[in-house]
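What follows is a set of notes on a single structure, which appears directly below.
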Amino acid sequence: MKNDAIGVFDSGMGGLTTVKELNALLPKENIIYFGDTARIPYGSRSSETVMQYAKEDVAFLRTHAVKMIIAACGTVSSIVGEQPFVTDLPFTGVVIPAVKAACDITTNKKIGVIGTPTTVKSGSYERAIRKCCPDIVVTAKACPLFVHLVENGYTDFNNPVTRLVAEEYLEPVRKAGVDTLILGCTHYPVIKDIIADYMGPNVHLISPGVEAAKYARNCLTEKNLLADRIEKGENIYYVSDSTEMFIENAGNFLHQDVDGKVFRCSL
Ligand code: DGL
């Protein structure tokens, strides 16, 4: 089991921000990634639909030998919550790891959360923050266009469209005086520089994908499930739509070319 893969999934490419961090933290691990690129976005769908998709995504990952599953998607994590349907394997979403990091870092106890409409509507981050630290003030804002901008490669620091959209969405969060901002969707770290530029140098940005990868490392260490192979692990990617489009855009998330085989699959 130790040398089984870590299964990671997202509605598209956002979960690659988790893969990048897993590769850095745990280079000997094999990763099996599933991006549901044919059905993205999840973030504007009903919770019933997101739940159904999440179950299908997990069922697909489980057709491979996986020792842990990471829902590297803020939307899925928000809907599946703390009662995941995966009970026989270690499982994590991104909400709890991101909230723990944010609560540790805030000093003025004002935290901002941005995410997809479904995530923000679910109140998942606020609930988790209140559990962790009841006196923290949370300002949440849905940013529906960010996912489309990122998936379509509008990610350059000087991109005028993305900068304008960021200003529009982030204005109330900046006005609220937060010192910590959770990028509550795994797509958003790709435009982190634009967000940071607008929020100013005193606001800490928390990337949920990165925090989930750290959580996975701790969890596998505790359970004595870290891979013990000598050589570097490998990444295998599955997508439900075009592999060419995935390969073309994945570099924005991984900060390098795709470093593994990419297959198209149907669920
Ligand atoms: N990456 C997904 C998340 O973290 C959002 C993309 C979508 O809307 O499907 O919420």
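One gets our numbering by counting positions in the sequence shown from 1 and adding 2 to each. For glycine and all other residues, C-beta sits at the position ideal for the given N, C-alpha and C.
| Item | Value |
| --- | --- |
| Per-residue DSSP class, three states only, for V21 | helix |
| Contacting residues, own chain, Cβ-Cβ under 6 Å from M53 (five flanking each side not counted) | I81 |
| Whole-Å CB distance - Y35 paired with Y239, under 8 Å assumed | 5 Å |
| Between the CA atoms of A7 and L227 - distance to the nearest angstrom | 11 Å |
| Any beta strand (DSSP E) of 3 or more consecutive residues that is wholly inside the region 50-110 | 68-73 |
| Distance cut-off 7 Å: I72 Cβ against heavy atoms of the ligand DGL | no |
| Close beta carbons around G202, own chain, < 8 Å, minus the five adjacent residues each side | R176 |
| Distance, P99 Cα to A74 Cα | 11 Å |
| Buried or exposed by the 16-neighbour rule on C-beta atoms within 10 Å, applied to P43 | buried |
| Inter-residue CB distance, P174 and T141 (contact presumed, cutoff 8 Å) | 7 Å |
| Collapsed DSSP secondary structure at D12 in the structure displayed | strand |
| C-alpha distance - P92 paired with R231, whole-angstrom precision | 20 Å |
| Contact test: C187 Cβ vs the ligand DGL heavy atom, cutoff 7 Å | yes |
| Residue of G9, L147, I131 and L256 minimising C-alpha distance to E170 | L147 |
| Residue range of the unbroken beta strand (DSSP E) whose run includes F36 | I33 to G37 |
| I42 Cβ short of 7 Å to the ligand DGL heavy atom set | yes |
| Beta-bridge partners of F265, as assigned by DSSP | Y240 |
| Counted within 10 angstroms of its Cβ, other Cβ atoms place S1 as buried (16 or more) or exposed | With the chain covering 3 to 269 only, the question about residue 1 has no answer from this structure. |
| contact_flag[the region 202-221, the region 176-186] where n(CB pairs < 8 Å) is 3 or more | yes |
| Best match in K194, R64, L172 and T51 for proximity to T2 [C-alpha to C-alpha] | Lying outside 3 to 269, the shown extent of the chain, residue 2 is not represented and no answer is given. |
| Residue(s) in a DSSP beta bridge with V140 | I113 |
| Inter-residue Cα distance where the pair is N204 and C135 | 21 Å |
| Nearest candidate by alpha-carbon position, reference A67, set D137, N161 and M3 | M3 |
| C-beta contact flag for K102 and H257 at 8 Å | no |
| Residue closest to G17, alpha-carbon to alpha-carbon, out of F87, T65, S242 and A214 | A214 |
| Segment limits, alpha helix (DSSP H) that includes T164 | P162 to K177 |
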